[in-house]
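Colleague: Dropping the structure in here first, questions after.
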Amino acid sequence: MTFSYPAVLLKLLEWPNTSSYYQTKLVQPQRHEYETIDYLLICWHFFLSACGSDASQGDAIDANNGMTGDSDAASPVEPGWPQEPLACGDWAEGSQEDDDGATRDFYNRAANLAWRNLGGDWADVNGDEQGVAAYALTTISDDNTPQWQSWDISSLVQGWHDATWPNKGLLVRTPGGTYEFASREHAEQGFRPELVVETASGTQSIPALRDVGMKLSTFQGYGDSDTMRVTGTGDNVILSFDLSSFSGENITKATLRLYKLQDFGGGDNEVGVYRLTHGLERADSGPTWGIAAAFPDDENIEQHTSVLLSSDFESGNWSEAWSSGEENEHFQRVGASEENGFVPHLGQAMRDRFPAGDNYGGSLIYKYQDKTGAEPDEAFFRYYLRFGDNWQPTFGGKLPGVSGTYGRAGWGGRKVDGTDGWSARGSYGQTVPAGNPLGNSVPIGNYVYHADMAGDYGDIDSWQQGCAGILEKGRWYSVETQVKLNTPGMNDGVIRGWVDGRLAYERSDWRFRDVDTLKVEQIWMNFYHGGTATPDQEISVYIDNVVIASEYIGPMKSR
Numbered sequence: 070m071t072f073s074y075p076a077v078l079l080k081l082l083e084w085p086n087t088s089s090y091y092q093t094k095l096v097q098p099q100r101h102e103y104e105t106i107d108y109l110l111i112c113w114h115f116f117l118s119a120c121g122s123d124a125s126q127g128d129a130i131d132a133n134n135g136m137t138g139d140s141d142a143a144s145p146v147e148p149g150w151p152q153e154p155l156a157c158g159d160w161a162e163g164s165q166e167d168d169d170g171a172t173r174d175f176y177n178r179a180a181n182l183a184w185r186n187l188g189g190d191w192a193d194v195n196g197d198e199q200g201v202a203a204y205a206l207t208t209i210s211d212d213n214t215p216q217w218q219s220w221d222i223s224s225l226v227q228g229w230h231d232a233t234w235p236n237k238g239l240l241v242r243t244p245g246g247t248y249e250f251a252s253r254e255h256a257e258q259g260f261r262p263e264l265v266v267e268t269a270s271g272t273q274s275i276p277a278l279r280d281v282g283m284k285l286s287t288f289q290g291y292g293d294s295d296t297m298r299v300t301g302t303g304d305n306v307i308l309s310f311d312l313s314s315f316s317g318e319n320i321t322k323a324t325l326r327l328y329k330l331q332d333f334g335g336g337d338n339e340v341g342v343y344r345l346t347h348g349l350e351r352a353d354s355g356p357t358w359g360i361a362a363a364f365p366d367d368e369n370i371e372q373h374t375s376v377l378l379s380s381d382f383e384s385g386n387w388s389e390a391w392s393s394g395e396e397n398e399h400f401q402r403v404g405a406s407e408e409n410g411f412v413p414h415l416g417q418a419m420r421d422r423f424p425a426g427d428n429y430g431g432s433l434i435y436k437y438q439d440k441t442g443a444e445p446d447e448a449f450f451r452y453y454l455r456f457g458d459n460w461q462p463t464f465g466g467k468l469p470g471v472s473g474t475y476g477r478a479g480w481g482g483r484k485v486d487g488t489d490g491w492s493a494r495g496s497y498g499q500t501v502p503a504g505n506p507l508g509n510s511v512p513i514g515n516y517v518y519h520a521d522m523a524g525d526y527g528d529i530d531s532w533q534q535g536c537a538g539i540l541e542k543g544r545w546y547s548v549e550t551q552v553k554l555n556t557p558g559m560n561d562g563v564i565r566g567w568v569d570g571r572l573a574y575e576r577s578d579w580r581f582r583d584v585d586t587l588k589v590e591q592i593w594m595n596f597y598h599g600g601t602a603t604p605d606q607e608i609s610v611y612i613d614n615v616v617i618a619s620e621y622i623g624p625m626k627s628r
């Protein structure tokens, strides 16, 4: 990389005085709720900005692969930048009543986080996904004798302890027979699972933090059952143990102990232990910047040639930029005086209010034909989203998205056939319950009417790359969607989703249309509860800084 000192100085002059910038960050951290940025890092940021490529072009994304050519995309997370949830790698135990934990299909059902493989994702001792070489094997006999069974899993536990791999827990499985073990909820405390850990300071037995027996024959969860089974037909057991008490110590040996209550099927069978690998194993990273990076706080972003709309709800005539939508009992501008856990993003924001017993939360529409005179085959739109403290829906619902319904099909049970319409709105699930590793968060995704749909209603597809698509209440997020329509009749349509600039969803095999007369008709900023279910109390969500463009926008940078 080459640069000149005059270029650096000129770049510094373009930015606000660094001292006042630093003071602003100290005095007004609520603007983006990021931590204070060290003064030297700020100066370094200015330095890099001066040495980089032309800022007026932003760091444009390659719409073909979702990645930028800029090194920011692969850089470590910036100080103060919002993190993905720390509990992203944790599976949930859940309960039978709420059915919200680990099942054959999900490692966290309440958060809509699915296994890649039915019955669990694991690696064997060689690192092979779904491999057969266990970390430890124990032969268990069908002798109808309740007794302890043990596995030497020292290498697995040592790998967790020294961070060779993340401690996501272990999976127990067998190729034959049926063995029932006591779980950590068993009435007889002396029968509960344990990990016996040996160090230089002695031997300690620690109980299971969570355990679940997953039955392949049902989607039901059994996290609070007092027993759990492994079977040759695919019923597996998962457990996790907290090793934090051994920080700074050298673990010399670790033994898993499970109490066998019953056995069935006859003969002897080997039962193995494997390492859980669910979720996306990636380090948290900073955002992928787009065109918004060149316009701090989105100021003047509408001047970029790719931007079609920029709406920050600051002006009283904000609705003029939209094809339809105005303030009403559901849709109102609010500021700093708003309660409900609200903190302004930048000045005014729009509140979408669902009264108790009402499905509708508000809607804004941007029609391309009305505003530009043509309808494209591809769209990007980004908005900032914040769920209020009172956000407790009784059912999932719809978030903003892209559509081409033309008043004919693609919403409300109006099934599409490839010639009459389509839609790709966002979706949200019910708030994850307390006690779950991701408790009090809201999973988001897509709600899509497409030409391959089987039922009359749209298909839900959760944003599951990492946990970027799991949103905490009371925090602003940059949410962006790209929709690229398919070649008519082919399954090459694209939907991508980013949260705070992290790719949270990507799929490129959608078939929205079979005719080229279906286009991107509109951006549909719609909020809806249900289905037909309604909230049993008033709930509110907030939006701000909406940008519609023909290329990747990305999250904003603050001054």
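So that you can map any letter, position 349 of the sequence shown is 418 in the numbering used here, and since no number is skipped, the others follow by simple counting. Using N, Cα and C, we set each Cβ at its ideal position, and we do this for glycine too. Remember, predicted model here, so these are calculated numbers, not experimental data.
#1: Taking Cβ positions only, does Asp521 come closer than 8 Å to chain C?
#2: Taking C-beta to C-beta, are Glu575 and Gln534 nearer than 8 Å?
#3: Count the other C-beta atoms from every protein chain shown that fall within 10 angstroms of the C-beta of Trp217, then say buried if there are 16 or more, exposed otherwise.
#4: Contact check, Gly465 vs Gln499 under 8 Å by CB: the rounded distance?
#5: Does Gln99 come out as helix, strand or coil in the three-state DSSP assignment?
#6: Would you say Asp489 and Ala503 are within 8 Å of each other, going by their C-beta atoms?
#7: Taking Cβ to Cβ, would you say Asn459 is nearer than 8 Å to Ser223?
#8: Pick helix, strand or coil for His399, following the three-state DSSP scheme.
#9: Thinking C-beta only, is Ala171 closer than 8 Å to Val281?
#10: Below 8 Å between beta carbons: does that hold for Leu572 and Ile539?
#11: To which residues does DSSP link Leu264 through a beta bridge?
#12: According to DSSP, is Trp113 helix, strand or coil?
#13: By DSSP, does Arg344 sit in helix, in strand, or in coil?
#14: In terms of residues, what are the limits of the alpha helix (DSSP H) holding Ser223?
#15: To the nearest angstrom, how far is the alpha carbon of Asp367 from that of Ile592?
#16: Is it the case that the Cβ atoms of Asp342 and Tyr204 are separated by a distance below 8 Å?
#17: Hey, how far is the Cα of Gly238 from the Cα of Gly228?
#18: Taking 8 Å as the cut-off, decide whether the C-beta atoms of Tyr176 and Ala251 are in contact.
#19: Measuring CA to CA, which of Leu182, Asp525, Asn509 and Arg494 is closest to Tyr597?
#20: Rounded to whole angstroms, how far is the Cβ of Tyr611 from the Cβ of Arg420, which I believe are closer than 8 Å?
#21: To which residues of the same chain is Asp605 closer than 7 Å at the C-beta, ignoring the five residues directly before and after it?
#22: According to DSSP, which residues form a beta bridge with Val471?
#23: Look up Tyr187 in the DSSP assignment and say whether it is helix, strand or coil.
#24: Since Thr208 contacts Glu318 with CB under 8 Å, what's their CB separation in whole angstroms?
#25: Roughly how many angstroms lie between the CA atoms of Val517 and Met297, to the nearest whole one?
#26: Going by DSSP, name the residue or residues bridged to Asp337.
#27: For Pro512, write down the residues that DSSP places opposite it in a beta bridge.
#28: Do Trp532 and Gly514 have their C-beta atoms closer together than 8 Å?
#29: So, with DSSP's three-state summary, where would you put Ala202?
#30: Tell me which same chain residues have a C-beta within less than 6 Å of the C-beta of Thr474, skipping the five on either side of it?
#31: Work out the CA separation of Ala183 and Asp578 for me, nearest whole Å.
#32: Distance check for Thr357 and Ser393, CA to CA, integer angstroms please.
#33: Just mark Phe456 as buried or exposed, buried being the case when its beta carbon has 16 or more other beta carbons within 10 Å.
#34: Could you please give me the residues that DSSP links to Glu249 through a beta bridge?
#35: For Asp613, count neighbouring Cβ atoms within 10 angstroms of its own Cβ and tell me buried if that reaches 16, exposed if not.
#36: Roughly how many whole angstroms lie between the Cα atoms of Leu345 and Leu240?
Modeller: Straight from the coordinates:
#1: Within the model displayed, chain C is absent; a lone protein chain is all it includes.
#2: Taking 8 Å as the cut-off, the beta carbon of Glu575 is found closer than this to the beta carbon of Gln534.
#3: By the 10 Å Cβ count, Trp217 comes out exposed.
#4: Confirmed, Cβ separation roughly 6 Å.
#5: For Gln99, the predicted structure reports a pLDDT of 34, less than 50, and the residue's modelled location is therefore unreliable. The matter cannot be settled from this model.
#6: Remark: C-beta atoms of Asp489 and Ala503 do not approach each other more closely than 8 Å.
#7: Asn459 is not a Cβ neighbour of Ser223, given a cutoff of 8 Å.
#8: Look at His399 here: in three-state DSSP terms it is coil, with no helix or strand label.
#9: Yes.
#10: Taking a C-beta distance under 8 Å as the contact criterion, Leu572 and Ile539 do not qualify as a contact pair.
#11: As a beta-bridge residue in DSSP terms, Leu264 pairs with Ile275 and Leu325.
#12: In this predicted model, Trp113 has a pLDDT of only 39, less than 50, meaning its place in the structure is not dependable enough to derive any value.
#13: Three-state result, Arg344: strand.
#14: Per DSSP, the unbroken alpha helix (DSSP H) holding Ser223 starts and ends at Ser223 to His230.
#15: Cα to Cα, Asp367 sits roughly 19 Å from Ile592.
#16: Sequence check: residue 342 is Val here, not Asp. One thing to note: Val342 has its Cβ within 8 Å of the Cβ of Tyr204.
#17: Rounded to the nearest angstrom, the two C-alpha atoms are 12 Å apart.
#18: No, they are not a contact pair.
#19: Taking Tyr597 as reference, the option from Leu182, Asp525, Asn509 and Arg494 with the minimal CA-CA separation is Arg494.
#20: Tyr611 to Arg420, Cβ: 5 Å. Contact.
#21: Same-chain partners within the cutoff: Ala425 and Thr463.
#22: Ala493 and Ile592, per the DSSP bridge assignment.
#23: Note on identity: in this sequence residue 187 is Leu, with Tyr being the wrong assignment. In the structure shown, Leu187 falls within a coil segment according to DSSP collapsed to helix, strand and coil.
#24: 32 Å between Cβ atoms; not a contact.
#25: As the crow flies, the alpha-carbon of Val517 is around 37 Å from that of Met297.
#26: The partner list for Asp337 (beta bridge, DSSP) reads Ser210.
#27: Its beta-bridge partners are Ile539.
#28: In contact: Trp532 and Gly514 (Cβ atoms closer than 8 Å).
#29: Three-state DSSP puts Ala202 in coil, outside helix and strand.
#30: Within the same chain, Thr474 has close Cβ partners Trp480, Gly490 and Ser492.
#31: Looking at the two C-alpha atoms, the distance is approximately 19 Å.
#32: Counting only the Cα atoms, Thr357 lies some 32 Å from Ser393.
#33: Burial call: buried.
#34: For Glu249, the pairing in a beta bridge is given by DSSP as Arg298 and Gln331.
#35: So Asp613 ends up on the buried side.
#36: So the alpha carbons of these two residues sit roughly 6 Å apart.
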